[in-house]
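First the structure, in the form of structure tokens, and then the observations on it.
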Amino acid sequence: MLDASHGAVIPTNVDGGIGVHARGVSHNFNGVNVIAHADVQVKAGGFLAIVGDSGGGKTTLLRLIGGLIAPTRGEIVFTSSGQQKANAGASESLRGASDQSLRAVAQSGDISFCFQEGRLLPWRNVLDNVALPLELDGASAQERRGTASEMLAKMQLSDSEHKMPAQLSGGMRMRVAMARALVTRPKLLLLDEPFGALDEVTRLALDEELRQLWQQTGTTAILVTHSIQEAVSLAQEVVVMRGKPGRTLPVIAIDLPKVAAHRTTMKFVSLCERVYEQMTLQTNEVAGVAGVAR
Numbered sequence: 137m138l139d140a141s142h143g144a145v146i147p148t149n150v151d152g153g154i155g156v157h158a159r160g161v162s163h164n165f166n167g168v169n170v171i172a173h174a175d176v177q178v179k180a181g182g183f184l185a186i187v188g189d190s191g192g193g194k195t196t197l198l199r200l201i202g203g204l205i206a207p208t209r210g211e212i213v214f215t216s217s218g219q220q221k222a223n224a225g226a227s228e229s230l231r232g233a234s235d236q237s238l239r240a241v242a243q244s245g246d247i248s249f250c251f252q253e254g255r256l257l258p259w260r261n262v263l264d265n266v267a268l269p270l271e272l273d274g275a276s277a278q279e280r281r282g283t284a285s286e287m288l289a290k291m292q293l294s295d296s297e298h299k300m301p302a303q304l305s306g307g308m309r310m311r312v313a314m315a316r317a318l319v320t321r322p323k324l325l326l327l328d329e330p331f332g333a334l335d336e337v338t339r340l341a342l343d344e345e346l347r348q349l350w351q352q353t354g355t356t357a358i359l360v361t362h363s364i365q366e367a368v369s370l371a372q373e374v375v376v377m378r379g380k381p382g383r384t385l386p387v388i389a390i391d392l393p394k395v396a397a398h399r400t401t402m403k404f405v406s407l408c409e410r411v412y413e414q415m416t417l418q419t420n421e422v423a424g425v426a427g428v429a430r
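For reference, each letter of the sequence shown is one residue, going 137 to 430 in the working numbering.
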């Protein structure tokens, strides 16, 4: 196991779904503490949402989990089927993205990202954008185009295979970005405010598509969002991050059926109110509540 006092990302046996546990994670950037003692956990195949203030460390925490950056302190453990075996070759602190142990998790194809901007390559058509991760993995042209075409069909985008990104609406671009994120059949999907720039009708429709894809694929999902309603609607658990540096507050379990109709129920409203209460804690209350969470 890696030295947790200086920050560690511990890859484990990740056959099947990936569980994630970030324990006591802190991150310092240019001398500024961005995250302090964050603790989040999601079981393999689960769905966790992280909400909180702008600039409160949510995206940084997602990047830490995804292996794009290394924690200053604490550890991030990936588990499979309840196992927590550390990589036997990992015996030193991970200090940057160049560390092979850190990159092994992020670049194994087990983890995919979906960002708010979509980040489609403007010179590639839809099919080739979705096939890009497979191309980077060394798949043949026939294999990657066939697999990408199947994923687009699942997303009901077959008619758009040969369109360029500039020809698509914002909602369609995000659907293509989701197809690209899922084409490698990842075991962990990290979503950073993917629908934040969309109108409410399109956002609700894509929320439902995301819910169905999560249920169909069995992948683990972690969603960063500013929308309390979106978090409560999609996730099994919600974690609020508050303060600067960002701290995680006690997890809120979402005991709701994962169907769109639950947004009109009193239980949904009550759970949204619980999240809102944590979101509106005064600054001097955050440290105490976060301490209880740890």
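Glycine is no exception: its CB is placed at the ideal position from the N, C-alpha and C atoms.
In terms of Cα proximity to L270, the closest of P322, L417 and A185 is P322.
One alpha carbon belongs to T400, the other to V387, and they sit about 23 Å apart. Annotated three-state conformation of N169 is strand, per DSSP.
Approximately 5 Å separates the beta-carbon atoms of A185 and V374; this is inside 8 Å, confirming the contact. Annotated as distal: G192 and M310, with beta-carbon spacing of 8 Å or more. Closest in alpha carbon position to E329, among R410, F251 and T320, is F251.
Non-local C-beta neighbours of L326 in its own chain, meaning closer than 6 Å and more than five positions away in sequence, comprise L198, G202, F249 and I358, ordered along the chain. With respect to the C-alpha of A371, the residue from V168, R383, K380 and T355 having the closest C-alpha is T355. Proximity to V395 across R383, G307 and S369 peaks at S369, based on C-alpha coordinates. Following the DSSP letters along the chain, one finds I358 inside the beta strand (DSSP E) bounded by residues T356 to V360. Between the stretch 301 to 317 and the stretch 259 to 277, the count of Cβ pairs shorter than 8 Å is three or higher; the stretches touch. Cβ neighbours of F404 within its own chain (closer than 7 Å, five residues either side excluded): V368, L392 and H398. If only uninterrupted alpha helix (DSSP H) runs of at least 4 residues are considered, none is enclosed by the stretch 311 to 352. Within the same chain, D328 and V360 come within 7 Å of T195 by CB-CB distance, once the 5 residues on both sides are set aside.
Beta-bridge analysis with DSSP links T384 to M377. Within the same chain, Cβ atoms closer than 8 Å to the Cβ of L268 are found at L257, R260 and R316, the five residues on either side in sequence being excluded. According to the DSSP assignment, L263 belongs to no beta strand (DSSP E) but to the alpha helix (DSSP H) extending over V262 to L272.
Using a Cβ distance threshold of 8 Å, T353 and L318 count as a contacting pair. For I186, the enclosing beta strand (DSSP E) has its first and last residue at F183 to G188. For M314, the number of other beta carbons within 10 angstroms of its own is at least 16, and it is reported as buried.
A distance below 8 Å between beta-carbons, with the five flanking residues on each side excluded, links C408 to the following residues of its chain, in chain order: I364, Q365 and V368. Using a Cβ distance threshold of 8 Å, L204 and I212 do not count as a contacting pair.
Taking a 10 Å sphere around the C-beta of L288, we find 16 or more other C-beta atoms and assign the residue as buried.
DSSP places G282 in the uninterrupted alpha helix (DSSP H) bounded by A277 to K290.
In this chain, R209 is not harboured by any alpha helix (DSSP H); it is covered by the beta strand (DSSP E) spanning R209 to T215. The three-state secondary structure of I205, taken from DSSP, is coil. Using a Cβ distance threshold of 8 Å, V187 and V411 count as a contacting pair.
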